[in-house]
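Residue numbering for the sequence shown follows this note's numbering, starting at 38 and increasing by one per position. Below is one structure; the comments refer to it alone.
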Amino acid sequence: MSDILTVKNYSLKLKRDKRTYSVIQSASMHIGKGEIVGLIGESGSGKSMLWKSMLGLADPARWSCSGDIELNGKRISDPGAGDTAEMRGKDAAVILQDPMNAFDQVFTIQHHFLETAKVHKDWSDGETRAKAIELLRRMNIREPEKVLRMYPFQCSGGMLQRIMIAMAVMLDTPLIIADEPTTSVDVTVQREIVSILKEINREKGTSILYISHDLKIIESIADRIYVMYAGYLVESFPAGRLQEGRVHHPYTKKLLQSRPSYTRADLPVMEGNPPTLAERQQGCPFTPRCEYAQEGCLSFDMAETRIGNHTVRCCRAESLSEELAGDGETR
Ligand SMILES: Nc1ncnc2c1ncn2[C@@H]1O[C@H](COP(=O)(O)OP(=O)(O)O)[C@@H](O)[C@H]1O
Ligand code: SF4
Ligand SMILES: [Mg+2]
């Protein structure tokens, strides 16, 4: 499978108050054509800044990045310099977490469709309208003609989220980035959105980067998963291996242990917090929370190890392999 996105050694720094903070460190990832890739990790780990900065949405006065990025066969040499503006909406479309803020309340839904199409497509207003109606129907929105005449504040959050997906799909980009798209909607709409995105992926072969901190959702949609912790991609593996006893990084193991379950009376929580940007130091950032930490962890250079079809950034990955993923089945 060839890739729609490849990222090699990508780092992002934030300049604030005359200091520089590492937000993302040497991230390497790829998304195959037609693949759904999940990205999980606690809040603040860098999931959103990863795609935002690569697509040139981080103010170059405050953010600086380095590394190799190739999106849809095109090299992004300097995201901060603006060579990504044309790629947004052409090579990648984005679905955001908060639909209320993604729409301008003073314009109708139809106006949003027309403006989006004007920037990226050579369609007449009539053509855009017809496509919008067809897509809204696909998103299970009843009376789409009526909805086009409505204002965002007249729609529910779930409806706006489906309208935002319709606008992203209308652009027909080979990659859709969905950043926590189901966080602000109820469980029924969550399921509906996941099933719509899967359908689009199946029918059109659209690649999807699905970002969430909800392991259950990621498990239900992704083919492959990346786990992020304090700016590092600490593990990646095929989605079927997102189970206790099958993952190789101590952080991924903890994430799995702290997921809520109907069969457990206690609500498990992961002790401690990830380091803030100012607290990040040399070595493995998970050290203070890791039950397997040893002295060498604080000087570990966070190099990637390959174990079966996992990539892992842990200096003890090989030696812990039996204990963490002792099923012996790594492929
Ligand atoms: N606009 C911003 N200004 C300053 N710091 C930011 C900004 N956006 C994000 N950050 C910082 O960058 C880090 C990564 O944030 P983010 O990518 O939003 O995390 P996630 O999406 O995983 O929750 C966090 O430490 C966050 O505080
Ligand atoms: S490098 Fe050390 S602290 Fe980090 S995850 Fe591995 S064992 Fe734990
Ligand atoms: Mg985020």
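Each residue gets a CB set at the ideal place from its N, CA and C atoms; glycine is no exception. All of these numbers come straight from a predicted model, not from anything done at the bench.
Mapping the DSSP letters down to three states, classify residue i as helix, strand or coil.
i    : result
A259 : coil
C100 : The sequence as given places Trp at residue 100; Cys does not occur at that position. Here W100 sits in strand by DSSP.
A118 : helix
E281 : coil
L454 : A query on residue 454 cannot be resolved here, the shown segment of the chain reaching from 38 to 368 and no further.
S90  : helix
T348 : strand
T221 : The question names Thr, but residue 221 in the sequence shown is Ser. Residue state, collapsed to three classes: coil.
K52  : strand
I77  : strand
I178 : coil
S85  : helix
G363 : coil
Y188 : coil
Y58  : strand
T342 : strand
R326 : helix
N310 : coil
G320 : coil
D162 : helix
E355 : helix
Q227 : helix
Could you tell me which of the options sits nearest to residue i, measuring between CA atoms?
i    : options                : result
L87  : E171, Y188, Y269, V226 : Y269
N109 : V60, P211, G320        : P211
E72  : K241, C334, D159, Y188 : K241
S59  : I344, G320, E328, L361 : G320
D141 : G345, C192, C352, Q331 : C192
D115 : D251, S356, S101       : S101
D128 : S298, I214, N346       : I214
I230 : R326, V184, I178, G277 : I178
H148 : M204, D40, S257, G282  : M204
L361 : G282, I258, T145       : G282
S232 : R175, G126, L133       : R175
R53  : L314, R186, S221, I258 : L314
Since residue i sits in a beta bridge, which residues does DSSP pair it with?
i    : result
A64  : Y47
I213 : A130, I245
D40  : G69
Y269 : Y266
I113 : I106
F274 : I262
R125 : A129
I'd like the list of long-range same chain contacts for residue i, defined as Cβ closer than 6 Å, with 5 residues on each side in sequence excluded.
i    : result
T348 : S273, E341
K253 : none
S85  : D216
T289 : V264, E272
V226 : G195
E107 : T43
For residue i, which residues of its own chain have a beta-carbon under 8 Å away from its beta-carbon, when the five flanking residues on both sides are left out?
i    : result
Q280 : L293
V143 : Y188
R317 : Y58, S59, A267, G268
S82  : M265, Y266, A267, G268, P311
Which whole-angstrom value is the C-beta distance of residue i and residue j, which I expect to be below 8 Å?
i    : j    : result
I200 : E182 : Going by Cβ atoms, the distance from I200 to E182 rounds to 14 Å, so no, they are not a contact pair.
V74  : R261 : 5 Å
H67  : L42  : 6 Å
P287 : F337 : No, P287 and F337 are not in contact; Cβ-Cβ is about 12 Å, not under 8 Å.
L95  : K89  : In the sequence as displayed, the identity of residue 95 is Ala instead of Leu. Right, the Cβ-Cβ distance comes to about 6 Å (below 8 Å), so this counts as a contact.
Y266 : I255 : Their Cβ separation, rounded to whole angstroms, is 15 Å, which puts Y266 and I255 out of contact at 8 Å.
G195 : D223 : 7 Å
R350 : V284 : Not a contact, Cβ separation roughly 13 Å.
Y263 : L92  : That pair is no contact at about 17 Å.
L208 : H157 : 6 Å
M339 : Q62  : 7 Å
Y329 : R353 : 6 Å
Leaving out five residues on either side along the sequence, give the residues of the same chain with a beta carbon under 7 Å from the beta carbon of residue i.
i    : result
I237 : V206, T243
T165 : F150, L151, A154
S358 : H285, I344
A122 : G93
K45  : S65, G104, D105
T367 : Annotation note: pLDDT 49 at T367 (below 50); position unreliable, coordinate value reported separately. These residues qualify, in order along the chain: I344, G345, N346, H347.
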